[in-house]
Each structure stands twice: as C-alpha cells, then as structure tokens.
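Asks: Start counting the sequence shown at 53; every next residue gets the next number (this note's numbering). Below are the structure tokens for one structure; questions will follow.
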Amino acid sequence: MAAAAATTSNKNPSRKRLPWKYLLLLFIATLFLLFPFVIIHSIDANQLRDRCVSLVMDTTGHHLDTAEDAALRFALPFTFLLDLGPVQIRAQKTDLPLFTNTSCAVQFCMLDLLSRRRFTPSALLFTEGTLRLGQDRKGQDAVKGNRHRETALLLELVRSVVLELVRSVGRLVLNNVELQFEGVPVGTDLSVMNCSMQAKDSQSGISLETEGTLYITPLSFSGPSRTGDFHLIATIGQQHDILELNNLRLSGTLNDMSSTGSLPVTISGNLCYSFRTDVCTIEGLHLTQEDVVLDGKVRLAPDETLPLDGAFKLEPVSLVSLLKRFGLFWRFPTNQESMLEGHFSLQADQEAVHIRPYTLKLDNSNLSGALKYQKKSGEDRSIEADLVIDTLDLNRYLPGSNYQSQGALSLMHGLHRLPSMEMEINADNIRLRGLVLDQLHLNASTSAEVIRIQSLTARQEKGTVEARVACDVTGDTPVLDLQTRLTDVNLGAFLQTIHPGDFQGKGDCDLQLTSQGRGWGELLGNSTGTLKIRATDGAIPGLPILETIRKTGTQLQGLSRITSPGVTDFSRLSASAALTDGVIFSEDLYAESELMQVTGRTRIDLGQQEVEALLTVRLSNADDHDDSELPARYQKPIPYQIVGPWKALEHSVALEELLKAEIKNALLRELQQQSADNGKGTH
Numbered sequence: 053m054a055a056a057a058a059t060t061s062n063k064n065p066s067r068k069r070l071p072w073k074y075l076l077l078l079f080i081a082t083l084f085l086l087f088p089f090v091i092i093h094s095i096d097a098n099q100l101r102d103r104c105v106s107l108v109m110d111t112t113g114h115h116l117d118t119a120e121d122a123a124l125r126f127a128l129p130f131t132f133l134l135d136l137g138p139v140q141i142r143a144q145k146t147d148l149p150l151f152t153n154t155s156c157a158v159q160f161c162m163l164d165l166l167s168r169r170r171f172t173p174s175a176l177l178f179t180e181g182t183l184r185l186g187q188d189r190k191g192q193d194a195v196k197g198n199r200h201r202e203t204a205l206l207l208e209l210v211r212s213v214v215l216e217l218v219r220s221v222g223r224l225v226l227n228n229v230e231l232q233f234e235g236v237p238v239g240t241d242l243s244v245m246n247c248s249m250q251a252k253d254s255q256s257g258i259s260l261e262t263e264g265t266l267y268i269t270p271l272s273f274s275g276p277s278r279t280g281d282f283h284l285i286a287t288i289g290q291q292h293d294i295l296e297l298n299n300l301r302l303s304g305t306l307n308d309m310s311s312t313g314s315l316p317v318t319i320s321g322n323l324c325y326s327f328r329t330d331v332c333t334i335e336g337l338h339l340t341q342e343d344v345v346l347d348g349k350v351r352l353a354p355d356e357t358l359p360l361d362g363a364f365k366l367e368p369v370s371l372v373s374l375l376k377r378f379g380l381f382w383r384f385p386t387n388q389e390s391m392l393e394g395h396f397s398l399q400a401d402q403e404a405v406h407i408r409p410y411t412l413k414l415d416n417s418n419l420s421g422a423l424k425y426q427k428k429s430g431e432d433r434s435i436e437a438d439l440v441i442d443t444l445d446l447n448r449y450l451p452g453s454n455y456q457s458q459g460a461l462s463l464m465h466g467l468h469r470l471p472s473m474e475m476e477i478n479a480d481n482i483r484l485r486g487l488v489l490d491q492l493h494l495n496a497s498t499s500a501e502v503i504r505i506q507s508l509t510a511r512q513e514k515g516t517v518e519a520r521v522a523c524d525v526t527g528d529t530p531v532l533d534l535q536t537r538l539t540d541v542n543l544g545a546f547l548q549t550i551h552p553g554d555f556q557g558k559g560d561c562d563l564q565l566t567s568q569g570r571g572w573g574e575l576l577g578n579s580t581g582t583l584k585i586r587a588t589d590g591a592i593p594g595l596p597i598l599e600t601i602r603k604t605g606t607q608l609q610g611l612s613r614i615t616s617p618g619v620t621d622f623s624r625l626s627a628s629a630a631l632t633d634g635v636i637f638s639e640d641l642y643a644e645s646e647l648m649q650v651t652g653r654t655r656i657d658l659g660q661q662e663v664e665a666l667l668t669v670r671l672s673n674a675d676d677h678d679d680s681e682l683p684a685r686y687q688k689p690i691p692y693q694i695v696g697p698w699k700a701l702e703h704s705v706a707l708e709e710l711l712k713a714e715i716k717n718a719l720l721r722e723l724q725q726q727s728a729d730n731g732k733g734t735h
C-alpha cells in the first residue's frame with residue numbers, strides 16, 4: 053500500500069497542497085461576499101448606516117466617525133438607470149454614500165420599501181445598475197388605473213424610492229440626469245435634460261432639491277374642429293414637496309379643420325405644484341394667439357369643489373379678429389377699427405365652466421355679465437349668458453359701402469355653428485341709424501336649427517317696442533319669421549333702419565312677416581305677411597302732391613309729369629296691406645291734412661324697389677289754401693299717380709283719368725238735364 057501510495061505520488065509530482073494561509077484568505081473573501089446578503093434579513097434600514105461605517109473601518113483600518121465621511125471616501129461614479137414602467141431615470145454621475153457593493157445596498161432599501169407597500173420581494177430586481185418593478189401578489193400590474201392616476205402613482209413611487217434611499221444612507225446626489233418617459237404618443241419626446249437631484253436627511257426631515265429643463269416635443273392633440281402641434285420647454289425645480297416649472301413656454305400652431313388656415317399660439321408662465329395638497333397654480337400666465345393676448349393666473353385643485361379658478365385680462369384686440377376666432381364674419385366700415393378689452397374670472401367644476409363676472413369695454417361702451425359653458429350628453433354643448441350694456445352705438449358696426457348681402461348670411465351661419473345658447477341682454481341705450489332705444493330687454497336662444505329672439509321689449513321716446521324673431525338656418529337659405537308691434541313710436545326712425553329716408557310721424561305699427569333669403573335684399577324681396585300702420589302729425593319728403601297739382605293747373609298744355617322734390621304733410625295717415633312675395637298691396641290708404649284729403653291704392657315692390665300708386669286727392673276749402681292757380685274743375689277729386697323706382701319717382705296728375713271723370717260727369721249731368729226736361733214736357 054505504501055508502494056501504491058508512492059506510485060501515485062510519483063504519478064503527480066507537480067501537485068502540491070495549498071498553504072493554509074491561502075485557504076484562510078479564500079474563506080474570509082467568501083464571508084465578505086456573502087455578508088451583505090446575510091445582513092439583508094438581519095438588520096433594518098436604520099441600521100444600514102452603522103453597518104456601512106463598521107464595514108469600512110474593519111476593511112480599511114481607518115476610523116470613520118460618520119457615514120458622510122465614508123461617502124466622501126467611497127463615492128462610486130456609475131451610470132444609473134431607474135426603470136418604473138413608462139418612466140425611466142438615467143444619471144451619468146451618481147454620488148451614493150454607500151460601500152462599494154452599491155447594488156446590494158440599493159436592493160436592501162427597495163426591498164424594505166416594497167415589502168411595506170405589499171409588494172413581493174420578487175417584484176424587485178437590481179442588477180448592473182438597473183432597477184425594475186415587476187408584479188404584485190395577484191399577478192397584476194403594480195400600477196393600475198387611467199393615465200393620469202398611473203403617472204401620479206409612478207411619480208409618487210419614484211419619490212418614495214428617493215426618500216427611502218436617503219433615510220438609509222443619508223444623502224443622494226444625481227448629476228446630469230436624463231428622464232425619459234415611455235408610453236406617450238408615438239413620435240413624442242417627453243424628457244428632462246441637464247437635471248440635477250439632491251436629497252439629504254436632516255433633523256427636520258428629508259430635503260429634496262431638483263433642477264433641470266423639461267422638454268415635450270411635439271405635443272399634439274386633435275379635437276372635433278381643431279388640431280394642434282406644440283412644443284413645451286420649462287425650467288423644472290423641486291424643493292421638499294413643491295414642484296416648480298419656471299419660464300414655461302408652450303408654442304405651436306392651432307389648425308382649423310374647416311379651413312386651411314392655422315393660428316400661431318404661445319403660452320408662457322410659472323407653474324407651482326404641491327405634492328402634499330395636490331394643488332397647482334400658474335402665475336404670470338401669458339397667452340398669445342396672433343393679436344389676441346390674455347394675461348392672468350390660474351389655480352388647479354382636482355380634489356376640491358372648484359377644480360379650476362382663474363382671473364384674466366384681455367388686452368385690446370380688434371373686434372373683427374375676435375369674431376373670426378368664432379367663425380363669424382362681418383364687414384365693418386374700413387375706416388373704423390373697433391377694439392375690445394376687459395377683465396374676467398374663470399371657474400370650472402365637474403359640470404360646467406363659468407365666466408363670472410366679466411367686464412368689457414368696446415370702444416365707448418361698457419359691458420358686463422356672466423357666462424356658463426356646459427357639456428351635456430354626447431357632443432352636445434350649451435351656453436348661458438347674461439349681458440348688461442350701458443350704451444351702444446350700433447352705427448359704428450354697420451357694414452361699409454362695399455358690403456355684400458352675403459355678409460348677413462355669414463353672420464347667421466356663424467351663430468348657427470356655435471353651441472346651443474340662452475342669452476339675456478339688458479341695455480340702457482342702443483342707437484341704430486336714427487333709432488334710439490332705451491331700457492331694452494332681450495331674451496334670445498340659438499340651437500343647431502333656429503336662432504330665436506323669444507322676446508324683445510324697449511322704450512322709444514314715449515312709446516313701446518315689442519318683437520319676436522325666429523331664423524331657421526338649417527338650410528343654405530335662412531328662413532325668417534318676424535312679429536313686431538310698435539306703439540306710439542317715431543315711425544320714421546324705424547323706417548330708417550331698413551331704408552334711408554326722412555319720413556316723419558308718430559304712431560303705431562303691427563307687422564307679421566315671414567321670408568327667406570341670403571341677405572337683406574332677398575329677405576325683403578321674398579317677404580310675405582300683413583302690415584297695419586297708423587300715424588299722426590308727420591310729413592312724407594319726396595311726395596310733392598300740391599306742388600304737382602298747382603303746376604298742372606297753370607300749365608294745362610305740355611305739363612303732365614314732373615320730378616321736382618317736395619313734401620306732403622299729414623295730420624293723420626293709415627293703411628293696411630298684404631305682403632306677397634315681397635310686394636305690398638294696399639287698397640285703403642288714407643291721409644288728410646288741412647289742405648287736402650288723399651285716398652287710394654298702392655303697390656310697392658320691395659325686391660325691385662319700385663312703386664305704383666293711384667291716389668285720389670280732394671282739396672279742402674281752408675282759409676289759407678290759395679287755389680287761385682287752379683281751374684274750377686280742379687276743385688273736385690283729382691286723380692294722382694306715382695310710378696318708378698324709389699330713387700327717381702315720377703309724380704303726375706292723371707289727366708286721362710281726370711278727363712274720363714269729366715266726360716262721365718258731363719254725360720251724367722246731360723242725362724239728368726234731359727230727364728228733367730222730359731218731366732216738364734209731360735206735365
């Protein structure tokens with residue numbers, strides 16, 4: 053056996069036993085490597101710092117008083133990646149006050165955190181500088197819910213991770229951090245660049261500070277009628293539980309899907325968010341959309357009764373530009389630039405958006421009121437508005453000389469595109485051409501089918517105005533329904549709003565009208581309804597009845613038509629008429645004055661703006677009536693004719709009718725005379 057052993061020994065002459073020193077060193081190294089994994093289950097997070105100091109002192113032979121000293125000596129720069137689902141945090145230089153086995157220490161801190169949050173240890177994996185969160189005990193995603201809540205939970209988890217690390221090791225410093233967010237729309241870059249983070253554990257608690265630059269590009273959205281592409285940049289900072297986005301700038305374009313145009317939009321301001329109260333405030337808010345500029349501040353509190361509360365100032369803006377924002381087009385006089393400015397408060401809850409109150413200044417007019425915007429079921433939306441006006445001169449906003457009739461249609465269809473609206477308007481004074489209305493009260497509504505004025509009441513001098521209007525805009529041609537009652541008003545002022553003229557007279561008017569058309573001309577030309585008018589103490593310029601009769605009497609030869617201007621006064625005037633396809637027919641026109649009495653029938657074509665009238669004039673025997681120029685036969689009823697367009701009416705005594713009447717009267721007299729003579733002969 054000895055020989056066999058010797059033989060075996062001889063077969064492996066190079067094999068030697070390891071010295072006991074090396075075996076001891078190998079055993080110590082193995083213990084050193086296994087030691088961190090053993091202490092994970094034997095110490096808590098508060099003991100980790102003391103163990104780190106002890107381990108460093110034992111292995112280096114140097115005495116260290118605090119963990120901070122150990123961190124200064126053994127800080128380990130490395131690339132750090134924190135992956136929490138859609139949120140990734142990368143740091144190219146990290147100062148962690150840990151011993152060299154950083155992975156083990158971080159894993160210990162995270163295991164302690166996640167176990168208290170009811171996560172299984174298998175949910176955490178930290179290798180090669182990467183931290184990933186897996187699933188909870190039920191096998192479901194650790195973070196659930198909608199995108200807003202998911203993001204909030206992830207950010208809270210990141211914050212908790214940092215806090216646990218700081219509580220365990222005393223200090224955490226991240227420089228040149230880059231935060232990349234996944235799960236955002238394809239093609240969108242959401243990141244935080246050039247970021248530095250620092251967290252310290254002090255007697256007052258955990259102190260967190262963050263600085264960096266936030267980028268979101270492009271930030272796109274799509275709505276029912278508009279799309280937008282924007283870029284966001286801001287300086288991000290955090291101290292304790294306050295997150296700040298300073299010098300925030302959101303810029304891009306807003307595209308209207310109904311047209312090819314796009315509007316540049318810029319929003320800037322300073323944002324402050326509290327993690328503790330979940331309240332966000334934006335100070336110094338500045339919104340620019342071409343020449344529309346808004347300044348203000350906003351407070352957002354999702355968990356409160358009033359989630360949004362803000363105050364804004366509207367800088368002076370062109371009224372034409374503002375109307376275009378809502379798809380309303382109106383041709384104002386080119387030589388007048390109307391400006392609108394004001395202040396308003398904005399509040400929003402779960403059901404509606406309120407603008408209350410608002411105060412606006414339009415040229416020399418002051419406007420105030422409140423507005424409520426509410427989204428109903430589906431895509432239905434509604435607006436409720438109250439408006440109070442001190443004085444408003446509408447003459448400033450009438451279309452200019454280059455106005456086309458389609459302008460009215462554009463305005464009507466623009467209102468039709470707005471959400472359903474209920475509006476109440478009160479005005480102290482409204483001016484339109486020669487018309488002045490006081491104490492105006494109006495209730496109106498708009499819908500997808502009809503623009504309606506349920507009631508309009510006002511005072512005009514000593515009289516009253518009542519009206520109801522409905523305009524159906526569902527088709528290409530608006531359909532109008534108008535009912536108006538005027539009592540003891542200046543009728544001339546109302547007529548001037550339709551057609552310029554100098555008609556004078558006070559009285560009453562009842563009008564019921566239906567029509568359709570693409571402008572005022574077509575609306576007048578297609579009108580159908582009834583009209584009753586009664587007036588007193590007035591005058592009709594451009595109607596020279598007496599002047600025409602006198603000239604005809606003195607120039608029986610060669611003068612049958614004249615176009616000279618004149619005025620016909622009246623003390624009383626009345627007529628009733630029927631409107632058919634834009635033509636007014638009246639068979640009972642009656643007017644009288646101290647000098648004459650007029651009756652007759654008229655035909656007025658509103659569409660063609662033409663007049664045909666055959667009147668009967670009876671001159672009176674007033675003392676101041678100088679009829680010396682008139683033959684005796686003209687003291688009897690005189691036929692009078694008016695024909696032609698409104699701008700060039702022709703007035704004449706109807707000689708043919710007069711001669712026919714004279715011949716008829718002569719024949720009647722002759723017959724009466726013959727009858728009388730025959731009677732005498734019989735006797």
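Glycine residues also receive a C-beta, built at the ideal position from the N, C-alpha and C atoms. Computed from a predicted structure; not experimentally measured.
Between E501, R520 and S472, which lies nearest to H493 when the distance is taken from Cα to Cα?
Replies: When each option's Cα is compared against that of H493, the closest is R520.
Asks: L667 and V650: beta carbons closer than 8 Å?
Replies: Going by C-beta atoms, L667 is nearer than 8 Å to V650.
Asks: Going by Cα to Cα distance, which pick from K514, C332, Q724 and F327 is closest to H292?
Replies: Nearest option by C-alpha distance: F327.
Asks: I294: which of L315, A437, T279 and L323 sits nearest, CA to CA?
Replies: It is L323.
Asks: Pull the bridge partners of N717 from the DSSP assignment, please.
Replies: In DSSP, N717 forms no bridge with anything.
Asks: Would you call T329 buried or exposed, if buried means 16 or more other Cβ atoms sit within 10 Å of its Cβ?
Replies: With fewer than 16 Cβ atoms within 10 Å of its Cβ, T329 is classed as exposed.
Asks: Give the DSSP bridge partners of K413, in chain order.
Replies: E393 and N418.
Asks: Give a yes or no on contact between the stretch 568 to 575 and the stretch 589 to 598, applying the rule of three or more CB pairs nearer than 8 Å.
Replies: Because the criterion of three Cβ pairs below 8 Å is not met, the stretch 568 to 575 and the stretch 589 to 598 do not touch.
Asks: Determine the extent of the beta strand (DSSP E) in which Q291 is found, giving its start and end residues.
Replies: R278 to Q291 is the span of the beta strand (DSSP E), which, as asked, contains Q291.
Asks: List the whole-angstrom C-beta distance separating T588 from R624, where the pair is believed to meet the contact cut-off of C-beta under 8 Å.
Replies: 6 Å between Cβ atoms; contact.
Asks: Whole angstroms are fine: how far does the CA of K584 sit from the CA of V635?
Replies: Between V635 and K584, the C-alpha separation is close to 15 Å.
Asks: In whole angstroms, give me the CA-to-CA distance for R433 and V440.
Replies: Rounded to whole angstroms, R433 to V440 spans 24 Å at the Cα level.
Asks: For H4, which residues from the same chain have a beta carbon less than 6 Å from its beta carbon, with the 5 sequence-adjacent residues on both sides left out?
Replies: The displayed coordinates of the chain run from 53 to 735. Any statement about residue 4 would go beyond what the structure contains.
Asks: In whole angstroms, what separates the C-alpha of S579 from that of S628?
Replies: Distance between the alpha carbons of S579 and S628: 16 Å.
Asks: Do you know whose CA, among S645, K688, Q693 and G618, lies nearest V663's CA?
Replies: Closest by alpha carbon: Q693.
Asks: Can you tell which of E518, D562, L352 and I597 has the C-alpha that lies nearest to the C-alpha of R586?
Replies: For the residues E518, D562, L352 and I597, the minimum Cα distance to R586 belongs to D562.
Asks: Fully enclosed by the stretch 480 to 565, which alpha helix (DSSP H) runs are 4 residues long or longer?
Replies: Runs of the alpha helix (DSSP H) inside the stretch 480 to 565: 543 to 550.
Asks: For R485, which residues from the same chain have a beta carbon less than 7 Å from its beta carbon, with the 5 sequence-adjacent residues on both sides left out?
Replies: Answer for R485: N447, Q548 and T549, listed in chain order.
Asks: Please name the residue, chosen from Q290, T279 and P596, that lies closest to L266 on a Cα-to-Cα basis.
Replies: Checked all of Q290, T279 and P596; the closest Cα to L266 is Q290.
Asks: What's the C-alpha gap between H262 and D355?
Replies: In the sequence as presented, His is not what sits at residue 262; that position holds Thr. Spanning the two alpha carbons is a distance of roughly 26 Å.
Asks: Whose C-alpha, out of L284, I435 and S390, is nearest the C-alpha of L450?
Replies: Selected option, being the one with the closest Cα: S390.
Asks: For I503, which of S417, L300, I601 and D524 has the nearest alpha-carbon?
Replies: When each option's Cα is compared against that of I503, the closest is D524.
Asks: Using the Cβ count rule (16 or more neighbours within 10 Å means buried), how would you classify Q725?
Replies: The residue is exposed, with fewer than 16 neighbouring Cβ atoms inside 10 Å.
Asks: Alpha carbon to alpha carbon, how far is K428 from V619? Give it in angstroms, no decimals.
Replies: In a straight line, the C-alpha of V619 is about 60 Å away from that of K428.
Asks: Evaluate N299 with the Cβ neighbour count: other Cβ atoms within 10 Å of its Cβ, from every protein chain shown; 16 or more gives buried, anything less gives exposed.
Replies: N299 comes out exposed.
Asks: Check whether the Cβ atoms of D442 and N418 sit closer than 8 Å, and answer yes or no.
Replies: Contact: yes.
Asks: Per DSSP, P316 forms a beta bridge with which residues?
Replies: Answer by DSSP bridge pairing, in chain order: T305.
Asks: Short of 8 Å in beta carbon distance, which residues of its chain neighbour P359, apart from the five on each side in sequence? Order them along the chain.
Replies: Within the same chain, P359 has close Cβ partners L352, A353, A400, D401 and Q402.
Asks: Can you find the residues in the same chain that come closer than 7 Å, C-beta to C-beta, to L720, ignoring five residues on each side of it along the sequence?
Replies: Excluding residues within five positions, none has a Cβ falling inside 7 Å.
Asks: Kindly identify the DSSP beta-bridge partner or partners of E403.
Replies: According to DSSP, which records beta bridges pairwise, E403 is partnered with nothing at all.
Asks: Can you check which of these residues, D633, L543 and P596, is closest to G581 by C-alpha distance?
Replies: Residue D633 is the option with its Cα nearest to G581.
Asks: For T340, which residues of its own chain have a beta-carbon under 6 Å away from its beta-carbon, when the five flanking residues on both sides are left out?
Replies: Excluding sequence neighbours, T340 sits near T318.
Asks: Give me the Cα-Cα distance between A496 and R602, rounded to the nearest whole angstrom.
Replies: Their Cα atoms are separated by approximately 53 Å.
Asks: Assign L358 to one of three DSSP states: helix, strand, or coil.
Replies: Coil.
Asks: State the DSSP-derived secondary structure class of Q726, mapped to helix, strand or coil.
Replies: Note: Q726 maps to helix in three-state DSSP.
Asks: DSSP three-state label for L373, please.
Replies: The sequence given here has Ser at residue 373, not Leu. Three-state DSSP puts S373 in a helix.
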